Amino acid sequence: MSWHVLGAGSLGCLWAARLQQAGQTVSLIMRPPRLARFQAADGRLLFTNLQEHTRSVPVHAETASSQQPIQRLILACKAYSATEAIAGIRHRLLPGTEVILLQNGIGSQQQVSRTLPDCRVLVASTTEGAWLKDDFHCVHAGAGQTQFGSLNHKASPPDWLHRLKDYAIPCQWQPDIHGVLWRKLATNCLINPLTVIYNCRNGALVQYLPRIRQLADELEQLLQAAGQHKAAEDLYGHVRQVIDSTAANTSSMLQDVQQQRRTEISYITGFALHQARALEAPHQQLLALHQELQQCLVRLHLPAD
Ligand code: NAD
Ligand code: KPL
Numbered sequence: 426m427s428w429h430v431l432g433a434g435s436l437g438c439l440w441a442a443r444l445q446q447a448g449q450t451v452s453l454i455m456r457p458p459r460l461a462r463f464q465a466a467d468g469r470l471l472f473t474n475l476q477e478h479t480r481s482v483p484v485h486a487e488t489a490s491s492q493q494p495i496q497r498l499i500l501a502c503k504a505y506s507a508t509e510a511i512a513g514i515r516h517r518l519l520p521g522t523e524v525i526l527l528q529n530g531i532g533s534q535q536q537v538s539r540t541l542p543d544c545r546v547l548v549a550s551t552t553e554g555a556w557l558k559d560d561f562h563c564v565h566a567g568a569g570q571t572q573f574g575s576l577n578h579k580a581s582p583p584d585w586l587h588r589l590k591d592y593a594i595p596c597q598w599q600p601d602i603h604g605v606l607w608r609k610l611a612t613n614c615l616i617n618p619l620t621v622i623y624n625c626r627n628g629a630l631v632q633y634l635p636r637i638r639q640l641a642d643e644l645e646q647l648l649q650a651a652g653q654h655k656a657a658e659d660l661y662g663h664v665r666q667v668i669d670s671t672a673a674n675t676s677s678m679l680q681d682v683q684q685q686r687r688t689e690i691s692y693i694t695g696f697a698l699h700q701a702r703a704l705e706a707p708h709q710q711l712l713a714l715h716q717e718l719q720q721c722l723v724r725l726h727l728p729a730d
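Residue numbers for the sequence shown follow this note's numbering, beginning at 426 and rising by one.
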């Protein structure tokens with residue numbers, strides 16, 4: 426089975442290294458300057474697994490501009506790069522090509538999906554964690570699971586899904602992927618911006634529980650208005666539990682800020698706010714949070730979208 430992975434960042438390298446180690450045919454798609462650096466590094470990724478064993482993994486790499494058709498593509502870039510990245514590789518996607526979207530938040534999946542009416546688009550939500558220790562050294566830092574589903578409720582699980590488990594990649598088919606994306610979105614709305622505003626790890630948010638409670642009540646109303654009743658269930662309790670279980674984590678948004686990188690704000694609080702306005706759900710707390718986050722980003726000379 427052949428896989429193309431677009432985006433040689435943390436998650437892209439994690440997927441490429443694991444699939445390659447499982448004996449799959451993998452090609453990692455990079456921009457030309459990064460490809461030149463990768464080739465200078467002998468075309469190898471260093472991969473540190475959850476047991477902290479580091480191996481050197483040879484991976485085929487290419488740019489998007491090649492003409493070779495793609496059977497199965499994992500899109501592993503940030504949400505704000507997704508549409509442009511797909512446009513750059515569109516000429517290689519055939520009717521029936523599988524495109525798997527790993528982006529966080531909500532909104533980019535629908536934007537990409539609209540441009541690919543003939544492809545089989547799957548969306549994924551993952552609780553795994555990975556980071557790049559060096560340009561091509563990927564560290565699998567957090568165990569978790571990837572849930573796959575389709576924006577079109579009628580789709581069935583792909584035949585490769587059960588094989589991922591054989592490759593020790595924890596995954597599951599999720600018929601209600603919308604619910605999973607909304608629950609994660611609400612959780613990210615409650616944790617990520619506050620860690621940036623208060624410049625703290627997830628665990629330190631216990632100091633701000635009254636604010637989190639008010640925000641959670643408002644977000645629960647938004648989820649209800651969006652028809653996401655299961656995702657709304659005890660949102661505050663769920664977020665309290667995530668704060669405790671990830672207490673030592675630096676949230677992905679705070680990591681982006683610390684590394685002076687653009688955040689995915691538009692696909693997290695930005696998307697939630699847009700939906701709250703459209704559905705006429707209360708959003709006073711959410712608006713204040715979004716604006717406070719934007720002010721923080723501007724102060725740090727980072728894009729506010
Ligand atoms: P990243 O920034 O480390 O990697 C993205 C890579 O894609 C970068 O190397 C970038 O240069 C590349 N890219 C962007 N556009 C491209 C293009 N047109 N052609 C070629 N390369 C292109 O990001 P990441 O941490 O791997 O995250 C990817 C997505 O997964 C995000 O939406 C993130 O929120 C989500 N996610 C990440 C983790 C994690 O642990 N890293 C966990 C859960 C979810
Ligand atoms: O998903 C996360 C993130 O940082 O983006 C949480 C759950 C908040 C863990 O850090």
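Note that the Cβ used here is the ideal one computed from N, Cα and C, for glycine as well.
In this text the structure is predicted, and so the values were computed from the model without any measurement.
| task | Would you mind giving the Cβ-Cβ distance between Q599 and Q572, rounded to the nearest angstrom? I have them listed as a contact below 8 Å. | result | 4 Å
| query | Can you tell me where the beta strand (DSSP E) with D559 in it begins and where it stops? | reply | G554 to D559
| Coarse secondary structure for L698, derived from DSSP in three states | helix
| query | From L460 to L453, what does the alpha carbon distance come to, in whole angstroms? | reply | 9 Å
| query | Apart from the five residues on each side of it in sequence, which residues of its chain come closer than 6 Å, Cβ to Cβ, to Q528? | reply | A504 and A507
| message | Output needed for Q371: all residues of its chain with C-beta closer than 7 Å, excluding positions within five of it in sequence on either side, in chain order. | response | Nothing in the structure corresponds to residue 371, since the chain is present only between 426 and 730.
| said: Can you find the residues in the same chain that come closer than 6 Å, C-beta to C-beta, to F472, ignoring five residues on each side of it along the sequence? | reply: A442, R480, V482 and C563
| query | For the 8 Å Cβ check, are there 3 or more pairs between the region 665–674 and the region 589–606? | reply | no
| Are the CB atoms of A641 and L648 nearer to each other than 8 Å? | no
| When the Cα atoms are used, what is the spatial distance from L541 to G695? | 24 Å
| field | Terminal residues of the beta strand (DSSP E) in which R456 lies | value | Looking at the DSSP string, R456 is not in any beta strand (DSSP E), and its letter there is neither H nor E.
| Bridge partners - W598, DSSP secondary structure assignment | F573
| Range covered by the alpha helix (DSSP H) that runs through V723 | If you look at V723, you'll find it in the alpha helix (DSSP H) that goes Q709 to R724.
| message | Quick check on the DSSP output: the alpha helix (DSSP H) that includes E509 runs from which residue to which? | response | A507 to I514
| said: Only counting the same chain, and skipping five residues up and downstream in sequence, which positions put a Cβ closer than 7 Å to that of L519? | reply: P494
| Continuous beta strand (DSSP E) stretch holding G428: start and end | The residue you asked about is not Gly; residue 428 is Trp in the sequence shown. From DSSP, the beta strand (DSSP E) with W428 extends over S427 to L431.
| When we look at the beta-carbon of N396 and count the other beta-carbons within 10 Å, is it buried (16 or more) or exposed? | Coverage of the chain is limited to positions 426 through 730, which leaves residue 396 absent and any answer about it impossible.
| Based on the DSSP output, what are the partners of E523 in its beta bridges? | R497 and R545
| task | Please name the residue or residues paired with L586 in a DSSP beta bridge. | result | In DSSP, L586 forms no bridge with anything.
| Among Q496, L470 and Q685, nearest to V484 - alpha-carbon criterion | L470
| field | Euclidean distance between Cα positions of V537 and I499 | value | 13 Å
| said: Please identify the residue among N674, I690, G448 and W440 whose C-alpha is closest to the C-alpha of M426. | reply: G448
| Where P618 falls: helix, strand or coil (DSSP) | helix
| What is the chain-ordered set of residues for which the beta carbon lies under 5 Å from any non-hydrogen atom of ligand 2? | I616, T671, N674, S676 and S677
| field | T688 CB to nearest heavy atom of ligand 1 below 7 Å | value | If you check the C-beta of T688 against ligand 1, you find no heavy atom less than 7 Å away.
| request: Count the other CB atoms, across all protein chains shown, that sit within 10 Å of the CB of S575; report buried if there are 16 or more and exposed otherwise. | output: Looking at its Cβ environment, which holds 16 or more other Cβ atoms inside 10 Å, S575 is buried.
| said: Checking 8 Å against the spacing of the C-beta atoms, do V466 and F561 come in under that value? | reply: Inspection of the sequence shows that residue 466 is occupied by Ala rather than by Val. Against a cut-off of 8 Å, the Cβ pair of F561 and A466 comes out as a contact.
| said: I'd like to confirm the pairing. Which residues does DSSP put opposite P483 in its beta bridges? | reply: P483 is bridged to R469.
| query | Could you give the residue range of the alpha helix (DSSP H) that holds A566? | reply | For A566, there is no enclosing alpha helix (DSSP H); the enclosing beta strand (DSSP E) covers residues H562 to G567.
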